[in-house]
Amino acid sequence: MSLEAQFRNLQLAPSSKWYPRPTEKCSGEFYTEKQKLLVNWFRLAKNCTGKLIFEYKVEVLKEVGRKEVPVQAKNRVKLFWTLCRNGDFPVQKLVYDDFETVYSHEQFPQEKYVYKMKNVPEAGNSRRPDVYVLKISYLNNFKLGFSRRNPEADDEIANRSQKFLKCLFTQKFRYSPSDAENPAFFRDFTNDRNSIIHIPTIDLRPKFEVAPGIGAWMGIYFAVRETDKYEPVLNFGLVHKLFYSIPRMNLLDYMLILIDEKTHQNDELRENYKLKIQKNEFGMSQTQRDRARHLLKDLRLKAENVPDRHQKFVERHVSFIEFTEQIAQNYVLREIHGTPTMLEYYAHFRLPLRFPAFPLALCKSGKKELLLPIEILFIHETGQRFKNHLDFNMRTQFVRGATLPPQEHKKSIEAMLEKFDFGPEGGADLPLPLPHFLRSFDVSPKLEMIECVGKVLKEPQLVNRENQRIEMTQDVRGFREKVLNIVPRGKLAVGLIVLREDGKEAACVNERDLQEFYTLLMDVCIERGLPIEENENRGNRSLFRVFSNVACFNGPENFQTAIHHTIHQFNQLPEPEKAQKSLFFLIIHKKSYEAYGRIKFICDTEIGVANQVIDETTVRKAIREAQEGPESGLKASKKIFYNIALKINAKLGGVNQEIGFSEDFEMSPEEKEKREKEPLIMYVGIDVTHPTEGSGIDFSIAGIVASINRGATRYIPAVVAQMEKNPDVRKAEKGQPNLKKSREITDILEGKFVAILQKFAETNRNRLPDKIVILRDGISDSEMLENAHFELKSLRNEVAIFMGNRENSTEKEPEYTYIVVQKRHKTRFYRVSEENLEKSTGILNPKSGTVADKTVVSPYKFDFWLTSQHGALGTSRPGHYTVLFDNSGMTKDQVYKMCYELSFLSARCRKPISIPAPIHYAHLTCEKAKEIFKATKKGLARPEKERMMIEQVLQPNRCYPGMSFV
């Protein structure tokens, strides 16, 4: 069977080849103009494809008695290069992956080398001379190849080639030099996976800070790409990574900086705090301990004078875990003879503790946990990587600081590459200042960005509720129409609830701000066309019930009782009056209450009532922005209120915007018949979120959304707990749950998509979709084909089950299109404005609707880049689309147009977003499910037999009137 026939019939194996790019020429009727673009991809001076590379296995060992054991990872790199130099090994001919592989461009005379050394310097003091062993043995050789045209045959070589090229270009910065090699250069850079970070030289000053002492340093991410001419190229992407940018200091001094930043420069103020701590007038609250754990977890410290039962004291290197409730004056050292308290032990050796009532720090040294007083803990390693979870404020600061306009973004990449000193283009035969690793392998980059052509798609035909075309703003392509297309038939009946922290008296928002916020919101809802119940008092319009100060979850009057009381009161209304109202809850809280997941569980899962949760900072910001005027130099804005109104309408079942026609518009019988004959398309969005440090989940969660109406403006969600039996039975033998907790493929649907199809049929006069378009978020290149195979197979099985239960046996199975959309990449396009090339505006973001489908795309698969959003802030990140399957015969232009139009249909926005709406909705579904799980997981068991129960908790209630996830 031919490849084309395999695609047409869906008989795809996980190892199938890529779906080929359609060969027809693009039609000019889809586009408005062409643009000259630069992309941050860089060609090599010489094509290195086919170059022979030799692979060697590396072991860096330490003699312990009669055994040889692997050295710790932190010492491995330095020891490797030191042993190579001392063994007269040709250092410049090696590229080391910092783990177990070394590459060379020539084969060494022997197949195996063994070098031994004594007393190689190591961090800390050794009690006796250490003996280290380096073993290098021949593994294999391969020719560099980067094509994945035939995945089954090519993937292994492509993966090895890409790994080698990344190692080669980063080797200069990962190298551990000898003292004679001028190590000053190497102190300016540090590496983090595939990124090289430039270390600021002035007091480690970061580009910007997200918290005191935690700042962002700029660097370059290295990726290997391939052009449409099979050329390997380098993608140099700008990155910002967070580091502890604090000088060497006592941990208490840093803690005081976190509490009050002024102490960093004010010695007197810092000493005043210490006096209060000494007098037990200032301690740590639980909130401060939690913040310290969040900011300092895994921070490496030097602990001086640690109690030891064999010696009086020892010095240890430890990692911070948290501050405990234990204090030195009460904590007993049970392993010390006489079981003294920690305070007594230090005093006995004339090392009195100054802060005996301050919480002890729990730290980790190897596998052992220690409780230590803060006086002996010092931050001594500069430039440590911050890898903990970012809270909302830190994330906001990071996004704000890392956002660069395209002109500055492009210049920053070029300036960073200049610091890296790769040198101009050339080869090993030219006397150029190339890094010796690159020179040795005869590889160097052309430091000029690749030029390509972008085509700008025409704007879609959006219509208002009267089916008239909406005028759009220039460039941004935002909607000038304020009135929403379809709104609830019943007038809003708002249950307004303001929360307070359990155990506290004051609500998070006072009554004056609450009244102002609600009044302005109702004004905007009227502007948007939402039905509002009038009242002489503007602040009481559509106000059904108000609770201005209730506890989150404890006490006789709390959030849950307020919700149920309001619903009960609403249900007591006479039926005609009740039918003319739409109940909606507006809930104001504070992020620190950590109540969001519980609120969503009660409202979205248990009850199924429309609601909007708003943070108190958003309330104050919305009021402030709406009241700003000439005095502040800022224009008054109701943007926040407008966005809330969009969400209210979508959650109540309304439609904010439509393309082509408005489904509520009265059509003629002829027009109606014409519409009915048009193919019905269901758009499916799939996203998966995985457990990570600080995520609060311990298994993968998949979010699936599917459109249920002809205009693709109404979606219903489903949540899948991605658990499956783990083939590693050894875990089960040890009594651990036999589960694989991180899973990308979403093929365990178990009837969920059948229910979605049933809802689709109910909405469309009992019709099946003629076509199903699956838009899949964020799969890596190496997993795409396998994912497409299993997920399409699973969806097809669900369709077959649904069709088998229907009476109409003549129905045709839907056609399918499967597209992966990648967002997590470092490719950026810059539009070259010929008119203003010499000015700061000469480099701009691509226009909304810009497609790049030549030069910077694959030669053997159907992929393209689409910048659908208007980049008002920062540098636009395009979506990378790969069509993995299509048996409907769509042209390239139709695929581009479809993906672009879907970016206009997000219910949360009145302009195109960066990705198609179904993928955005799937992502939002995942995030909400994650928050609900975090709030309810204490009552849920982990074993697989409980997966169904977990999914029931995460699944939105079917009675929900609209789209709960927006």
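Per full-length UniProt numbering, residue 1 is the first one in the sequence shown, and the count goes up by one each step. Every residue gets a Cβ at the ideal spot worked out from N, C-alpha and C, and that includes glycine. Owing to the predicted nature of the structure, the values given are computational and were not obtained by experimental measurement.
1) Should R877 be labelled buried (16 or more other beta-carbon atoms within 10 Å of its own) or exposed?
2) Rounding to the nearest angstrom, what Cα-Cα distance links E418 and F164 in this structure?
3) With Y683 as the anchor, note down where its beta strand (DSSP E) starts and where it stops.
4) Could you give the residue range of the beta strand (DSSP E) that holds F392?
5) Tell me the DSSP secondary structure of T263 in three-state form.
6) How should F392 be labelled, buried or exposed, when 16 other C-beta atoms within 10 angstroms of its C-beta is the threshold for buried?
7) Alpha carbon to alpha carbon, how far is P859 from N808? Give it in angstroms, no decimals.
8) Alpha carbon to alpha carbon, what distance is there between N554 and I259?
9) Going by the CB atoms, is the gap between C926 and T561 shorter than 9 angstroms?
10) Leaving out five residues before and five after residue 967 in sequence, what residues of the same chain have Cβ atoms less than 6 angstroms from its Cβ?
11) Should Q288 be counted as a contact of the ligand ADP given a C-beta to heavy atom distance under 8 angstroms?
12) Does I588 come within less than 9 angstroms of chain C when only Cβ atoms are used?
13) Which parts of the stretch 460-517 are runs of the alpha helix (DSSP H), unbroken and 4 residues or longer, counting only runs that do not cross its ends?
14) Are the beta-carbon atoms belonging to E678 and I745 less than 9 angstroms from one another?
15) Mapping DSSP to helix, strand and coil, what is S548?
16) Would you call Y19 buried or exposed, if buried means 16 or more other Cβ atoms sit within 10 Å of its Cβ?
17) Using a Cβ-Cβ cut-off of 7 angstroms (strictly less than) and excluding sequence neighbours within five positions of N845, which residues of its own chain qualify?
18) Sorted by chain position, which residues of the same chain lie with C-beta nearer than 7 angstroms to V364's C-beta, five sequence neighbours on each side aside?
19) Can you say whether F99 is buried or exposed, counting buried as having 16 or more other CB atoms within 10 angstroms of its CB?
20) Output needed for N709: all residues of its chain with C-beta closer than 7 angstroms, excluding positions within five of it in sequence on either side, in chain order.
21) By DSSP's criteria, K135 is part of a beta bridge. Which residues make up the other side?
22) Which partner residues of Y881 appear in the DSSP bridge assignment?
23) Tell me whether Y19 sits in a helix, a strand or coil according to DSSP, three-state version.
24) Exposed or buried, P90, counting other C-beta atoms within 10 Å across all chains shown (16 or more means buried)?
25) CA-CA distance, F355 and F173?
26) Hey, S606 and C552: beta-carbon distance below 9 angstroms or not?
27) Less than 9 angstroms between the beta carbons of residue 983 and F547, yes or no?
28) State the CB to CB distance for the pair V705 and P918, rounded to an integer number of angstroms; the pair is presumed to be in contact (CB under 8 angstroms).
29) Spell out the partners DSSP gives K67 in its beta bridges.
30) Ordered along the chain, which non-local residues of its own chain (more than five positions away) have a Cβ less than 6 angstroms from that of L583?
31) DSSP three-state call for R385: helix, strand or coil?
32) What does a CB cutoff of less than 7 angstroms around residue 967 pick up in its chain, not counting 5 residues either side in sequence?
33) Tell me, please, which residues DSSP counts as bridged to C452.
34) Among residues of its own chain, excluding the 5 on either side of M784, which ones have a beta-carbon nearer than 7 angstroms to its beta-carbon?
35) How about K241 and R385: do their beta carbons lie closer than 9 angstroms?
36) Curious, which full-length beta strand (DSSP E) runs of at least 3 residues does the stretch 184-260 contain?
Straight from the coordinates:
1) Buried: at least 16 other Cβ atoms inside 10 Å.
2) Going by the C-alpha atoms only, they are around 23 angstroms apart.
3) Bounds of the beta strand (DSSP E) holding Y683 are 681-689.
4) No beta strand (DSSP E) holds F392; the alpha helix (DSSP H) holding it covers 392-402.
5) Of the three classes helix, strand and coil, the one that applies to T263 here is helix, per DSSP.
6) The Cβ neighbour count for F392, taken over all protein chains shown within 10 Å, is under 16; the residue is labelled exposed.
7) When the Cα atoms are used, N808 and P859 turn out to be separated by approximately 44 angstroms.
8) A straight-line Cα-Cα distance of about 30 angstroms links I259 and N554.
9) No, Cβ-Cβ distance for T561 and C926 is not below 9 angstroms.
10) The shown model of the chain, from 1 to 966, leaves out residue 967, and the question about it has no answer.
11) Here there are no bound small molecules, and the ligand ADP is not part of this structure.
12) Protein chains in the displayed structure number just one, and chain C is not present.
13) Residue ranges of uninterrupted alpha helix (DSSP H) with 4 or more members are absent from the stretch 460-517; none lies entirely inside it.
14) Cβ distance not < 9 angstroms, so E678 and I745 don't count as in contact.
15) Collapsing the DSSP output to three states places S548 in a strand.
16) Its Cβ being crowded by 16 or more others within 10 Å, Y19 is buried.
17) In chain order, P406, R831, G871, T875, S876 place their CB closer than 7 angstroms to the CB of N845, counting only its own chain and leaving out the 5 sequence neighbours on each side.
18) In the sequence as presented, Val is not what sits at residue 364; that position holds Lys. The beta carbon of K364 lies closer than 7 angstroms to those of V318, S319, I321 in the same chain, with the five residues before and after it left out.
19) Exposed: under 16 other Cβ atoms inside 10 Å.
20) Cβ within range, chain order: E663, T763.
21) BP columns for K135 point to E59, V114.
22) The beta-bridge partner set that DSSP reports for Y881 consists of V821, F864.
23) Correct three-state label for Y19: coil.
24) Its Cβ having fewer than 16 others within 10 Å, P90 is exposed.
25) Approximately 43 angstroms, taken between the alpha carbons.
26) A small correction: the amino acid at residue 606 is Glu; Ser does not occupy that position in the sequence shown. The criterion of a C-beta distance shorter than 9 angstroms is not satisfied by E606 and C552.
27) Any property of residue 983 remains undetermined from this structure, which presents the chain solely from 1 to 966.
28) Rounded, the Cβ-Cβ distance is 6 angstroms, consistent with contact.
29) Among the bridge pairs identified by DSSP, K67 is matched with V64.
30) Excluding residues up to 5 positions away in sequence, A493, F570 lie with their Cβ nearer than 6 angstroms to the Cβ of L583 in the same chain.
31) Of the three classes helix, strand and coil, the one that applies to R385 here is strand, per DSSP.
32) Only positions 1 to 966 of the chain appear in the structure, and residue 967 is not among them; the question remains open.
33) Answer is L37.
34) Closer than 7 angstroms at the Cβ level, and outside the excluded window around M784, lie V820, T882, L884.
35) Yes; because the gap between Cβ atoms is below 9 angstroms, this pair is in contact.
36) Within the stretch 184-260, the runs of beta strand (DSSP E) at least 3 residues long that lie entirely inside it are, in chain order, 189-192, 195-198, 208-211, 214-226, 232-244.
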